[in-house]
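Structure record follows, encoded as structure tokens.
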Amino acid sequence: MGLRDATQLTPNGEIMMLNLGKLLRATYGTFITSYDPAMYDTFSEYFDNCIQSAHGVLRAFFNKGSQFLPIVRHVPSETDWLLGFNHNFPNVYARPQWFFAYWNNDALARGILSTNDIEMLSNEFGSWCAEKPMQCALFAADALQSRISEKSLPQQLQTLFQEKLLPIVYGWNKHTYGFNSEDPYVVIGSPAYTLAAKVLHDAEVGEKKFCHYSVHDSTILGLLNALGAIQLGDTNPRWLPRFGSVLAVTTYSNGNVSFTYAEPQQEAGSSLDYVSGLLPITVRCKTFEGAEYMASTCPLNDVWRYVNRSRPTVADPFCYLRPEDGCDVLETVPSEHCQYYRKYCPIGACGPNAGLDASRNYTCFSFFRRRFTKDYTLASIVAGVCGGAVGLIVGFLISLLLQKTEEKEVRRRRFVQMGTGETNA
283 MGLRDATQLT
293 PNGEIMMLNL
303 GKLLRATYGT
313 FITSYDPAMY
323 DTFSEYFDNC
333 IQSAHGVLRA
343 FFNKGSQFLP
353 IVRHVPSETD
363 WLLGFNHNFP
373 NVYARPQWFF
383 AYWNNDALAR
393 GILSTNDIEM
403 LSNEFGSWCA
413 EKPMQCALFA
423 ADALQSRISE
433 KSLPQQLQTL
443 FQEKLLPIVY
453 GWNKHTYGFN
463 SEDPYVVIGS
473 PAYTLAAKVL
483 HDAEVGEKKF
493 CHYSVHDSTI
503 LGLLNALGAI
513 QLGDTNPRWL
523 PRFGSVLAVT
533 TYSNGNVSFT
543 YAEPQQEAGS
553 SLDYVSGLLP
563 ITVRCKTFEG
573 AEYMASTCPL
583 NDVWRYVNRS
593 RPTVADPFCY
603 LRPEDGCDVL
613 ETVPSEHCQY
623 YRKYCPIGAC
633 GPNAGLDASR
643 NYTCFSFFRR
653 RFTKDYTLAS
663 IVAGVCGGAV
673 GLIVGFLISL
683 LLQKTEEKEV
693 RRRRFVQMGT
703 GETNA
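In short: position in the sequence shown from 1, add 282, done, that's my numbering.
See below:
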């Protein structure tokens, strides 16, 4: 189910999640009748609203709205590369110039939004919209979509949202979460490939009867793109799934899998329910001979063949960088982005003949330079010791020479005194 970036669910959001649990119970209730961790698995992104949503769905699914809290698995958000893609992928974080290329494209935003549109956004969200129209448009689309379930929007804002803000958001989501076979980083595959592969693996192996993922909208649209349900060249509204969207993948004993999709009513004053139920959604499948086709039910192997078109072709897709990305500069405290990258991708992060020093903000150092420095320090110490030893020897010889000279002088004086008959009292 898709969620927005809010810290806590609103009361309407809670109602929608309970309604989703009821929908799933009506669809799958005879398949799994009671909560059993051995038969049911829940994964959530590590955000309060995602976890709250998972609890709401499960309570309604299993216990008809009771307050029991089932097990919900999650990992820290910065290492959640299964569900929380892809802003925290180390190799994406290390190249913010690519990630924010669309985000900072104010020229594109001004080409879509008129002066009056930007003025309207400035009146609604602040004067900064005139300076950063692209960021403002993306923020406004997010904010207005969230408002829809709480109150009615003025007609002008509603029209602006539908006709101009949504296409802008589609472009951002395509840039960030879509699989582009012509991208220079095509070797890392689709951001959603790991999740798509897990879903298909679970369908194939059947270790659990029910797997439930509580995620943000970006996760759903990434998965839909990996499955071929939405394409880079279309304007499918699912490029921005609404709050509470659900994609259901069902496995059958004959080896087929089916795909269904639902969104709740969420406008102010609506039932906040999934009135249409789970409806078939077409994905792309691929025969053994290589022919692609669209269907809502396919043999599992045909789904695998299509999804594997976006499979990574490098060993570690989360850490792959090109040389020009410049995260291997030596003997310099790295940027925050490169520190993050080196922390999670330490192997080879500094290039050949170099190492990583985590105690120095993940600074890269040259093996040659460090070895040379150590040798130089050792040579200095040895030279110093030798110099000290030579000094001691020379000093000893000088002392011995002076002592012998003094002894000769004493003997000479005694000889002179004896010759003159002088004596000492």
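The beta-carbon is built from N, C-alpha and C at its ideal position, and this holds for glycine as well. Model, not experiment: these values are computed from the prediction.
Here Pro562 is near Ser578, since their CB atoms are less than 7 Å apart.
For Asn538, no alpha helix (DSSP H) segment is defined; the enclosing uninterrupted segment is the beta strand (DSSP E) at Asn538 to Ala544.
Under the Cβ criterion (8 Å, minimum of three pairs), the segment 298-314 counts as touching the segment 537-547.
Check the Cα spacing between Leu477 and each of Arg604, Arg355, Thr501 and Gly608: the tightest is with Thr501.
Listed in chain order, the non-local C-beta contacts of Ala412 below 7 Å within the same chain comprise Ile400 and Ser404, local neighbours out to five positions each way being set aside. Every alpha helix (DSSP H) stretch that sits fully inside the segment 496-534 and reaches 4 residues is listed by chain position as 499-509.
Nearest C-alpha to Gly453 among Val497, Asn387, Asp484 and Lys414: Asn387. Taken atom to atom, the span from the alpha-carbon of Ser359 to that of Ser552 is near 33 Å.
By the beta-carbon neighbour count (other beta carbons within 10 angstroms, threshold 16), Thr315 is exposed. DSSP lists Thr324 as the beta-bridge partner residues of His494. When the alpha-carbon of Met576 is set against those of Thr564, Glu445, Gly471 and Arg377, the nearest one is in Thr564. DSSP lists Ser540 as the beta-bridge partner residues of Thr579. In the structure shown, Cys418 adopts helical secondary structure according to DSSP, grouped into three states.
Rounded to whole angstroms, the Cβ separation of Ile470 and Asn373 is 7 Å, and the two are in contact under 8 Å.
With distances taken between CA atoms, Gly303 lies nearest to Phe343 out of Cys332, Ile512, Pro436 and Phe343.
For Trp586, the number of other beta carbons within 10 angstroms of its own is at least 16, and it is reported as buried. DSSP, read as helix, strand or coil, puts Ser335 in helix.
Between the alpha carbons of Ala389 and Cys627 lies a distance of about 35 Å.
Along the length of the segment 364-392, whole alpha helix (DSSP H) runs at least 4 residues long occupy 372-375 and 378-381, reported in chain order.
CA-CA distance, Gln427 to Pro293, rounds to 16 Å.
Nearest in C-alpha terms to Ala383, of all of Lys456, Cys332 and Ala336, is Lys456. CA-CA distance, Tyr317 to Gly637, rounds to 50 Å.
The alpha carbon of Phe492 has as its nearest neighbour, out of Phe325, Ala479 and Tyr556, the alpha carbon of Phe325.
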